[in-house]
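**Q**
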Amino acid sequence: MENQASKKAELKIVRQFRAPQSLVFNAYASKEAFAEWWGPAGSTLTLLSFDFREGGRTHYKLDSNGMRMWALFRYQKIQKPDSIEFLSSFTDPDGNITSSPFPFDFPLEVYNHITLSETNGITTLTLYAEPVNATAEQEKAFADLNASMNQGYEGTWGQLDAYLARVQGQ
16 MENQASKKAE LKIVRQFRAP QSLVFNAYAS KEAFAEWWGP AGSTLTLLSF
66 DFREGGRTHY KLDSNGMRMW ALFRYQKIQK PDSIEFLSSF TDPDGNITSS
116 PFPFDFPLEV YNHITLSETN GITTLTLYAE PVNATAEQEK AFADLNASMN
166 QGYEGTWGQL DAYLARVQGQ
């Protein structure tokens with residue numbers, strides 16, 4: 016029997032888009048595109064900085080359901096148009112990494128790896144995420160939030176669907 020205590024906290028989501036791989040990649044790589052679709056449905060995104068390159072950073076503010084939070088992506092590795100690796104964190108308004116705005120101990124850093132592949136005009140996006148240097152409590156909080164994170168990403172990717180349809184004239 017598998018020892019659940021040793022199982023690593025991770026998130027994996029696979030989503031398909033009716034768009035070329037290059038267009039889906041560019042939705043992440045372009046400041047204007049990213050500003051149109053990133054964030055849970057019903058939220059308002061304000062990009063404070065956007066530097067999509069290895070070693071670059073994207074800092075943003077998100078207003079959602081009366082809650083305001085800031086977050087940061089620190090890009091580690093980018094292979095156009097196949098993959099994006101970055102660390103995500105909650106921050107203060109100045110971009111300094113802070114604990115999450117939630118009433119539980121969430122990891123300070125999360126490693127994210129997005130891969131893209133295209134078949135017959137359909138792009139498959141796979142997101143893999145896991146806590147970095149997290150305590151056991153932070154790992155548990157991350158694992159316990161899988162359903163909520165899936166729901167948040169579904170809303171975000173619904174907005175990406177709408178953006179991709181619009182730019183393709185569908």
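Quick note: to get the numbering used here, add 15 to the position in the sequence shown (first position is 1).
C-beta atoms are modelled at their ideal positions from N, C-alpha and C, and glycine is treated no differently.
#1: Between R30 and chain D, is there a C-beta pair that is closer than 7 angstroms?
#2: To the nearest angstrom, report how far apart E69 and K95 are at their CA atoms.
#3: Considering only their Cβ atoms, is the gap separating Q31 from L131 smaller than 7 angstroms?
#4: Quick one: what's got a C-beta closer than 6 angstroms to T59's C-beta in the same chain, skipping five residues either side?
#5: What's the gap between the Cα of A20 and the Cα of F157?
#6: Does L87 come out as helix, strand or coil in the three-state DSSP assignment?
#7: Measure the C-alpha to C-alpha separation of A42 and N165 and round it to an integer number of angstroms.
#8: Near I28, what residues of its chain come up, given a Cβ to Cβ distance below 7 angstroms and the 5 sequence neighbours on each side ignored?
#9: Considering just the uninterrupted stretch of the beta strand (DSSP E) at K27, what are its terminal residues?
**A** In short, the structure shows the following:
#1: The chain inventory of the structure shown lacks chain D, comprising one protein chain alone.
#2: 11 angstroms
#3: For L131 and Q31, no; Cβs fall outside 7 angstroms.
#4: D78
#5: In this prediction, A20 has a pLDDT of 45, which is less than 50 and means its spatial position is unreliable; nothing more can be read from the coordinates.
#6: When DSSP states are grouped into helix, strand and coil, L87 belongs to the strand group.
#7: 20 angstroms
#8: L142, N165 and Y168
#9: L26 to F32
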